[in-house]
Amino acid sequence: MIDLIHATKLYGPVIGVNDIDLRLETGAYGLLGPNGSGKTTFLNLVIGQLRPTLGRVRVFGETPWNNHDLFRRVGVCPAQEVLYANVSGFEWVEYGLKLQGIEPGRAARMAELALERTGMSDAMSRFMGGYSKGMRQRTKLAQAIAHDPELLVLDEPFNGLDPIGRHDITEFLREWRRNRSLILASHILHEVEAICPSFLLILSGRLLASGTADEMQLLMAGIPCDVVLSSDQPAELARLMIELGVVEAVRLSGDDVQVSTRDLDRFARTVPQAARRQGIAIHELRTPEDTLQSLFNTLIRLHRGELA
Amino acid sequence: MNLVRGVAAVTLFELRRSRTWWRSGVWALLAFFPVFIVVSLRATGADPPKEAWTFLLYALITEVTTSLGLFLWMSPAIQSELESKTWVYLAVRPYGRRVVLIGKLVTALIWSMSSSLVALTICTPIARPENPARVFGVLVVLSFLSALGRGTAYSVFAVAMPQRAMVFAFVYTLVFEYLVGWIPAVINQFTVQFHVRCLLMNWIRLEGMPSGVRLFFNDAPSWQHLVSLVAYFVLTFGLALIILESREFVSSDEG
């Protein structure tokens, strides 16, 4: 579906994306990265609003820049807020459909349907200037899906949504991804995790990793991960773990012992048993290893050279 | 067909969203400024020659009302979309960039020509030039040609330097159209105003013009001026479209 062939985008001396070589088949992908990591540049290359300085970009086998046929197949929901204050949501979505080349009568029906799908039916005749941020997000989503695109590109679609809105949009996108493709950029992991089975991790314009959560866990083998233990005897617990040789670094903080280990399995097998034998009570053991957040943090630290 | 439909959609949308008190006020100001001047002159009891009234109507309506309308409407055409962060929503549509520019030009023409028409309709009977119907007709055509010329020129600034488009358009109008346009040398033939002015002379046949004034016109037939203007429209708007189609507009909030 999407190919980036050693794609680099420079803004003068600033690198937007850096030598990304990637092939994405049809499906749903979460594009993850902190603010300023190059997510929007990546998306703009895909939706044909930027040209790569080096390398190539292909979407459905075609160059996206100024590709009008491709624009009919892609729906875009950018991060930018819409500021047509004295235009109703319906008028704006209908306008987008007319620009897609859809004749006026049909455009009106399709706009109504799209706004209904995003829960904006009741407010669609009101001016957008009076919309809440969440309502504008829903309207933005409606304009992106209204022409029934094959690929939906969303940049921070949950910004400003309340919990109900987040749930509704999450459910909508989960439904969408069943038979359509989707790229969702966000810096909030759990939002992406709930929708996309595959991820692209991007930092400083570089692709750190890509694949499913399980595939990325494999990348973690041999990479130190952090574990926090709570105990009444933190110093004794720390000494014990050092003696067992299952930790690489130990840090004490009140009743907490934060350790770094490369072999979580061995750590989990040996430390609780040894502590019980020594009469050291462990009240809590926290490891974020089964969440994407940990994976993400670890990859970023690895990229920054903070981990060996 | 898609292009026509797209341009129509942009024009209708722009006209729809421009129905604000502010824009209506600007429109009224442009329409009634010439009326105010003409009525004031009449009220003073001044009785200049009828040719002077014709030239005054040309200057006030074709040169001020029409041009200022285009300046206000066309030069910020792209900047307004970039500023309101709506550009990308338009640019990802098939032929989105060009239909937006053409649609905005059509909208600007409608707004400025409507104020010019209102001004002409009210001012012509008050000014009472010789052969008022002919003056009215000629000034409508000249206002349209002037509007098209200014609009296409401003569109180049709008796409080439959106953030500074109004500044460049203002300098262009002041220096090139109003200053260079009046220099009695070949260079003034590169201005819209020169050709529009010569067409006025050709079509109205202003008599009693002082001989010195003739320096600012030439004797070329009307078709030559019309061809020059059409070439100007095609070149400037073509350039604007080329720039627009090849330019990357980067949002400031890249993530």
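Chains A and B, in that order, are what the protein sequence lines are. Under my numbering, residues 2 to 309 are what the first sequence spells out, in order. Under my numbering, residues 1116 to 1370 are what the second sequence spells out, in order. Glycine included, C-beta positions come from ideal geometry on N, C-alpha and C. For clarity, every value in this text was computed on a predicted model and none was experimentally measured.
Residue i, DSSP secondary structure in three states
i	result
A:Phe200	strand
A:Ser254	strand
A:Gly246	coil
A:Leu162	coil
B:Tyr1287	helix
A:Lys99	helix
B:Val1203	helix
A:Tyr30	strand
B:Val1365	coil
A:Glu285	strand
B:Asn1078	With chain B covering 1116 to 1370 only, the question about residue 1078 of chain B has no answer from this structure.
A:Leu51	coil
B:Ser1190	coil
A:Arg207	strand
A:Trp66	coil
B:His1310	helix
A:Gln234	coil
B:Phe1272	helix
A:Glu290	Annotation note: pLDDT 48 at A:Glu290 (below 50); position unreliable, coordinate value reported separately. Looking at A:Glu290 - three-state DSSP - the assignment turns out to be coil, as it is neither helix nor strand.
B:Gly1370	With a pLDDT of only 48 at B:Gly1370, under the threshold of 50, the placement of this residue in the model should not be trusted, and no figure is reported.
B:Gly1184	helix
B:Ser1343	helix
B:Val1215	helix
A:Ala195	coil
A:Ile170	helix
A:Thr119	coil
A:Val83	coil
B:Ser1229	helix
B:Arg1243	coil
B:Pro1277	helix
CB contact check: residue i to chain E, cutoff 8 Å
i	result
B:Leu1205	Checking the listed chains, one finds no chain E in this structure; the protein chains it contains are A and B.
Cβ separation of residue i and residue j, assumed to be a contact under 8 Å, to the nearest whole Å
i	j	result
B:Gly1264	B:Ala1223	12 Å between Cβ atoms; not a contact.
B:Ser1199	A:Leu44	The pair is not a contact, with the Cβ atoms about 20 Å apart (cut-off 8 Å).
A:Val18	A:Leu46	7 Å
B:Phe1285	B:Met1276	With 8 Å as the limit, B:Phe1285 and B:Met1276 do not qualify as a contact, their Cβ atoms being about 12 Å apart.
A:Leu286	A:Leu230	5 Å
A:Val154	A:Ile48	6 Å
A:Gln1	B:Glu1363	Nothing about residue 1 of chain A can be reported from this structure: the residues present for chain A run from 2 to 309 only.
A:Ala275	A:Ile283	With a Cβ gap of about 10 Å, A:Ala275 and A:Ile283 do not count as contacting.
B:Trp1226	B:Gly1184	6 Å
B:Ile1302	B:Val1295	6 Å
B:Tyr1204	A:Pro79	7 Å
A:Met121	A:Gly90	6 Å
A:Leu5	A:Ile16	Their Cβ separation, rounded to whole angstroms, is 14 Å, which puts A:Leu5 and A:Ile16 out of contact at 8 Å.
A:Leu202	A:Gly34	7 Å
B:Gly1121	B:Val1207	Incorrect: roughly 13 Å between the Cβ atoms, too far for contact.
Bridge partners - residue i, DSSP secondary structure assignment
i	result
A:Gln259	A:Val229, A:Arg252
A:Asp4	A:Arg24, A:Arg59
A:Gly212	A:Phe200
A:Val77	A:Val154
A:Ala186	A:Leu32, A:Asp156
A:Tyr12	A:Val15
A:Phe128	A:Ser89
Mind listing which residues of the region 1164-1179 of chain B have their C-beta closer than 8 Å to chain A's C-betas, in chain order?
-> For the region 1164-1179 of chain B, which is checked against every Cβ of chain A, not one residue is closer than 8 Å.
If we count Cβ pairs, one from each stretch, closer than 8 Å, do we get three or more for the region 92-100 of chain A versus the region 143-154 of chain A?
-> Touching, yes, given that three or more Cβ pairs across the two stretches are closer than 8 Å.
Select from the region 72-95 of chain A all residues with a C-beta closer than 8 Å to any C-beta belonging to chain B, and list them in chain order.
-> Within the region 72-95 of chain A, contact with chain B at the beta-carbon level (separation under 8 Å) is assigned to Phe72, Arg73, Val75, Val77, Pro79, Ala80, Gln81, Glu82, Val83, Leu84, Tyr85, Asn87, Val88, Glu92.
Inter-stretch contact (C-beta, 8 Å, three-pair minimum) for the region 1212-1219 of chain B and the region 1120-1131 of chain B | Yes: the two stretches touch, three or more of their Cβ pairs being nearer than 8 Å.
So, do the region 1169-1189 of chain B and the region 1145-1160 of chain B have three or more beta carbon pairs nearer to each other than 8 Å?
-> These segments touch.
Pull out every residue of the region 4-24 of chain A whose Cβ sits closer than 9 Å to any Cβ of chain B, in chain order.
-> Those would be Tyr12, Gly17, in chain order.
What residues from the region 1345-1360 of chain B come within 8 Å of chain A, judged by C-beta to C-beta, listed N to C?
-> Answer set for the region 1345-1360 of chain B: Glu1360.
Could you tell me whether the region 234-244 of chain A touches the region 59-78 of chain A, where touching means 3 or more Cβ pairs closer than 8 Å?
-> Touching, no.
For the region 1133-1152 of chain B, which residues have a CB atom closer than 7 Å to at least one CB atom of chain A, in sequence order?
-> Answer in chain order: Thr1135.
Please list the residues of the region 1187-1211 of chain B that have a C-beta atom closer than 9 Å to any C-beta atom in chain A, keeping them in chain order.
-> Along the region 1187-1211 of chain B, going in chain order, the ones with a CB nearer than 9 Å to a CB of chain A are Glu1198, Ser1199, Lys1200, Thr1201, Trp1202, Val1203, Tyr1204, Leu1205, Ala1206, Val1207, Arg1208, Pro1209, Tyr1210, Gly1211.
Got a sec: which bits of the region 1266-1283 of chain B sit with their beta carbon under 7 Å from any beta carbon on chain A, in order along the chain?
-> Cβ proximity to chain A below 7 Å picks out nothing from the region 1266-1283 of chain B.
Just by C-beta distance, which residues in the region 1119-1130 of chain B are closer than 9 Å to chain A?
-> Cβ contacts with chain A: Arg1120, Gly1121, Ala1123, Ala1124, Val1125, Leu1127, Phe1128.
What residues from the region 1215-1229 of chain B come within 7 Å of chain A, judged by C-beta to C-beta, listed N to C?
-> Cβ contacts with chain A come from no residue of the region 1215-1229 of chain B.
Can we say the region 1186-1198 of chain B touches the region 74-81 of chain A, given the rule of at least three CB pairs closer than 8 Å?
-> With a cut-off of 8 Å, the region 74-81 of chain A and the region 1186-1198 of chain B do not count as touching, because too few Cβ pairs lie within range.
For the region 1330-1337 of chain B against the region 1244-1256 of chain B, are there 3 or more C-beta pairs whose distance is under 8 Å?
-> Result no; under three Cβ-Cβ pairs closer than 8 Å.
Spell out a yes or no on whether the region 159-167 of chain A and the region 129-146 of chain A are touching, meaning 3 or more CB-CB pairs, one atom from each, closer than 8 Å.
-> With the cut-off at 8 Å, the region 159-167 of chain A and the region 129-146 of chain A touch.
Using 8 Å as the Cβ pair cut-off and three pairs as the minimum, do the region 1169-1176 of chain B and the region 109-125 of chain A touch?
-> The region 1169-1176 of chain B vs the region 109-125 of chain A: no contact.
Are the region 177-185 of chain A and the region 17-35 of chain A in contact at 8 Å, needing three or more beta carbon pairs?
-> A contact exists between the region 177-185 of chain A and the region 17-35 of chain A.
Does the count of Cβ pairs from the region 1230-1244 of chain B and the region 1150-1169 of chain B closer than 8 Å reach three?
-> Output reads yes: the region 1150-1169 of chain B touches the region 1230-1244 of chain B.
Report the residues of the region 144-166 of chain A with a CB closer than 8 Å to any CB of chain B, ordered along the chain.
-> Answer set for the region 144-166 of chain A: Gln144, Asp156, Glu157.
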